[in-house]
Structure formats: C-alpha cells, structure tokens
C-alpha cells in the first residue's frame, strides 16, 4: 500500500528565503506526482505535475524534482513571499487514484 | 470559465439525516472523484467514476453513496450510516484512463453534524 510522507509538517521563514519542501513515498511504481497548494478553507490548486519519466518541472519561482528510485520529490520555492503562505500537498498517482501526503504548512512572514 | 463547482460551501446536518453534496464540472472530463479531508490527515478517497453510469468504491466508502447519470455531475450523498461525517469534502476531475494527467479540484464543501 502506497504511503506518502511530507516533512516538515510546518515551516516558518522570513520573506525572501529560498526553501525546500520534501515528499517521500514508499512504492516507486507511480505514473506521476503532483504538487498542490491549499489555502485555509479552500480547495486544492495544482502547482506542478511531474510524470514518472521526468526529473523535474518548473513554473515561475517553483521547481519540483522527482527521484522515483529513491521515492522522493522536492518542491523548491525561490525568493519566498508572504503570499506563498499556504499548505502544500504532494500526491502520487498509482493505478486510477492519487495518494496524498498530509501536507506542509508554510508561513512566510514579511 | 471552465472548472469544478461544488455546492453548498457550508452545510449543517442533524444526526440521522442524509445530505447530498453537489459537484458539477464543465471541463469535459470523464473521471470524477470524491475525497474527504480531516485535520492532520491526508485526503482520503471515497468514490470515483471513470465513465457515466459506472463508479467504484474508494478507501472509505462506507456510509456514502454516489451516482453518475451525467458526465458533468457526480453528487455525493452522506447517509445516516456514516458515523463521523463532519469533514471537508473535495470533488475532483481528470481525463479518463489518463493516469499521466492532472487532477483538478473544486473549492470544497464543509459539512458539520450538529
């Protein structure tokens, strides 16, 4: 059974810092991995999707990497801003469904 | 605009009542999903549907029911058999059998049992 873990559970940084969020999974037989952002009381917004054959994806200040063999993905956020404050979730796609991690709650202070 | 619409955003229910949460999408996606989110836990899959008139149980289907009569719609009924229904419910959609595709989510419905 696939298990997805995100560390740390919470992170607080000053504005401008570069930071890394971690996601690990136990079964490397995945189709893809997706990073989401969730604001309090809201739905999930897709940030980046990495296919199993890819190593990384970039969108603006965000860069996600995938190492399938070691069961790890990282989300790198450059030059963090207060507007980046949210919970970040990773999810791995096996056959027909996504398995989610419990998220990292990020607070970026001005 | 294309997207997924969930309603109502907030819902209160007395114990013993059934309630239905609506999910509508205009993305022309074949696959639709219902997830439940509780504090400190990852999202858990309740039901999913890959095509009209067909659906499968997810990991926590007990106490829930769904229907898929139209491609655009995938309503979730929380029945009185669900022992702990207070939670945040999220609907998602994606391309059928496209395991390489993205999943898109609605804004969620928060159900509180009084």
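Protein chains in written order, with my numbering: chain A, 1 to 110; chain B, 1001 to 1114.
We put the CB at the ideal spot given by N, CA and C, even for glycine.
What would DSSP say about residue i, mapped onto helix, strand or coil?
i	result
residue 1016 (chain B)	coil
residue 67 (chain A)	strand
residue 1085 (chain B)	coil
residue 14 (chain A)	strand
residue 1094 (chain B)	strand
Considering only the alpha carbon of each residue, which of the options lies closest to residue i?
i	options	result
residue 1049 (chain B)	B:1008, B:1069, B:1036	B:1069
residue 68 (chain A)	A:32, A:14, A:3	A:32
residue 1118 (chain B)	B:1076, B:1053, B:1052, B:1072	For residue 1118 (chain B) there is no data in the structure shown, the boundaries of chain B being 1001 and 1114.
residue 43 (chain A)	B:1104, B:1114, B:1111	B:1104
residue 1072 (chain B)	B:1053, B:1088, B:1082, B:1083	B:1053
residue 1110 (chain B)	B:1035, B:1003, B:1031	B:1035
residue 111 (chain A)	A:37, A:18, A:95	For residue 111 (chain A) there is no data in the structure shown, the boundaries of chain A being 1 and 110.
residue 2 (chain A)	A:94, A:102, A:103	A:94
residue 163 (chain A)	A:61, A:13, A:37, A:30	Absent from the model: residue 163 (chain A). The displayed extent of chain A is 1 to 110, so no value can be given.
Since I believe residue j is in contact with residue i (beta carbons under 8 Å), could you give me their beta-carbon distance rounded to a whole number of angstroms?
i	j	result
residue 1043 (chain B)	residue 1090 (chain B)	7 Å
Sequence ranges, beta strand (DSSP E) only - wholly within the segment 1003-1083 of chain B, length at least 3: 1004-1007, 1010-1013, 1019-1025, 1031-1037, 1044-1051, 1054-1057, 1064-1066, 1076-1078
Any 3 or more C-beta pairs closer than 8 Å across the segment 101-110 of chain A and the segment 1005-1012 of chain B: no
Stretch pair the segment 1009-1023 of chain B + the segment 69-79 of chain A: three plus CB contacts closer than 8 Å: no
Three CB pairs or more closer than 8 Å across the segment 44-53 of chain A and the segment 6-26 of chain A: no
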